[in-house]
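Novice: Numbering (this note's numbering), first residue to last: 72 to 221. Here a beta-carbon is modelled for each residue, glycine too, at the ideal position from N, C-alpha and C.
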Amino acid sequence: MKRKILALAVACSFTFVACNNDDDSGNGNGGGNNNPTTQQKIVGAWNGDSITTNVTANGIKIDSLSEVTSLANQTLNFYASGDAVLDSAGMVSDSIDWSVIDNSHIMFDDEEWHIETLNSTRFIFAQDTAFVDSATSINFGIEFKVHLTK
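#1: Considering only the alpha carbon of each residue, which of 114, 212, 184 lies closest to residue 127?
#2: Assign residue 118 to one of two classes, buried (16 or more other C-beta atoms within 10 Å of its C-beta) or exposed (fewer than that).
#3: Closer than 8 Å is the cut-off here; do at least three beta carbon pairs connect the stretch 133-153 with the stretch 181-188?
#4: Would you mind stating whether residue 124 and residue 171 have Cβ atoms separated by less than 8 Å?
#5: Could you compute how far the alpha carbon of residue 157 sits from the alpha carbon of residue 192?
#6: What's the call for residue 194, buried or exposed, on a 16-neighbour Cβ count within 10 Å?
#7: Which value, in whole angstroms, describes the spacing of the CA atoms of residue 210 and residue 186?
#8: What span of residues does the alpha helix (DSSP H) with residue 111 cover, start to end?
#9: Does the Cβ of residue 136 have 16 or more other Cβ atoms within 10 Å, making it buried, or fewer, making it exposed?
#10: The beta strand (DSSP E) spanning residue 198 covers which residue range?
#11: For residue 155, which option in 204, 198, 207, 113 has the closest C-alpha, if you only look at C-alpha atoms?
#12: Counting C-beta neighbours from all protein chains within 10 Å, is the total for residue 203 16 or more, i.e. buried, or is it exposed?
#13: Which residues share a DSSP beta bridge with residue 138?
#14: For residue 215 and residue 122, which I take to be in contact (beta-carbon distance under 8 Å), what is that distance rounded to the nearest angstrom?
#15: Could you check which residue in 220, 207, 176 has the C-alpha nearest to that of residue 199?
Structure, rendered in structure tokens:
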């Protein structure tokens with residue numbers, strides 16, 4: 072799953088696709104929802120900014136394996152139906168299922184990610200993975216952090 076998220080985030084360049092922010096209040100005044108849910112905040116087109124990968128061994132950052140990758144010109148479109156579609160120059164590159172678990176967690180297919188920042192202009196979500204190399208008994212940690220903007 073991490074590979075699929077990373078592939079969605081890094082695989083190709085994307086052009087901005089405008090998002091229509093419709094009034095969901097149903098009151099006809101065009102005022103929209105003054106207190107949107109986490110899902111409502113996520114739905115729409117988000118421009119890629121960067122993906123940060125931090126790798127540690129026994130708690131010490133390994134600079135040679137940690138990196139920041141630009142996601143410039145990439146767009147990830149989140150739909151209320153639970154689909155997220157990566158768009159490249161008007162061509163669909165890949166899609167993934169998503170759902171909100173709670174205000175601080177999101178599910179992509181079967182992988183849970185932590186929502187670090189979500190507001191009208193920034194969406195940052197992250198996932199930490201840890202494992203022990205049985206041959207060396209080294210504790211490795213890997214953090215993926217995806218930065219999106221509107």
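Specialist: Here's the rundown:
#1: Here residue 127 is taken as the residue at index 56 of the sequence shown, counted from 1. With distances taken between Cα atoms, residue 127 lies closest to 212.
#2: For the purposes of this step, residue 118 is identified with residue 47 of the sequence shown, where counting begins at 1. By the neighbour-count rule (16 or more Cβ atoms within 10 Å), residue 118 is buried.
#3: The way I'd put it, the stretch 133-153 doesn't touch the stretch 181-188; fewer than three beta-carbon pairs between them come closer than 8 Å.
#4: As a first step, residue 124 is located in the sequence shown; it is residue number 53 there, counting from the start. As a first step, residue 171 is located in the sequence shown; it is residue number 100 there, counting from the start. No, they are not a contact pair.
#5: Position 86 of the sequence shown, counted from the start, is the residue given in the question as residue 157. Position 121 of the sequence shown, counted from the start, is the residue given in the question as residue 192. Straight-line Cα distance between these residues: approximately 18 Å.
#6: Numbered from its first residue, the sequence shown carries residue 194 at position 123. Residue environment: residue 194 is assigned as buried (16 or more neighbouring CB atoms within 10 Å of its CB, all protein chains considered).
#7: The residue given as residue 210 occupies position 139 in the sequence shown. The residue given as residue 186 occupies position 115 in the sequence shown. If I take the Cα positions, the gap works out to 25 Å.
#8: Indexing the sequence shown from 1 puts residue 111 at position 40. It spans 109-113 - the alpha helix (DSSP H) in which residue 111 sits, taken as one unbroken run.
#9: In the sequence shown, residue 136 corresponds to position 65, counting from 1. By the neighbour-count criterion, in which 16 or more other beta carbons inside 10 Å mark a residue as buried, residue 136 falls on the exposed side.
#10: Mapped onto the sequence shown, residue 198 falls at position 127. It spans 193-204 - the beta strand (DSSP E) in which residue 198 sits, taken as one unbroken run.
#11: As a working mapping, residue 155 is identified with position 84 in the sequence shown. Looking only at 204, 198, 207, 113, the smallest Cα-Cα distance to residue 155 is reached by 113.
#12: If you number the sequence shown from 1, residue 203 lands on position 132. An exposed status is given to residue 203, since fewer than 16 other beta-carbon atoms sit within 10 Å of its beta-carbon.
#13: For this step, residue 138 is matched to residue 67 along the sequence shown. According to DSSP, residue 138 bridges with 124.
#14: Indexing the sequence shown from 1 puts residue 215 at position 144. Indexing the sequence shown from 1 puts residue 122 at position 51. The Cβ separation is near 7 Å, so the contact holds.
#15: The residue given as residue 199 occupies position 128 in the sequence shown. Just measuring C-alpha positions, the residue of 220, 207, 176 sitting nearest residue 199 is 176.
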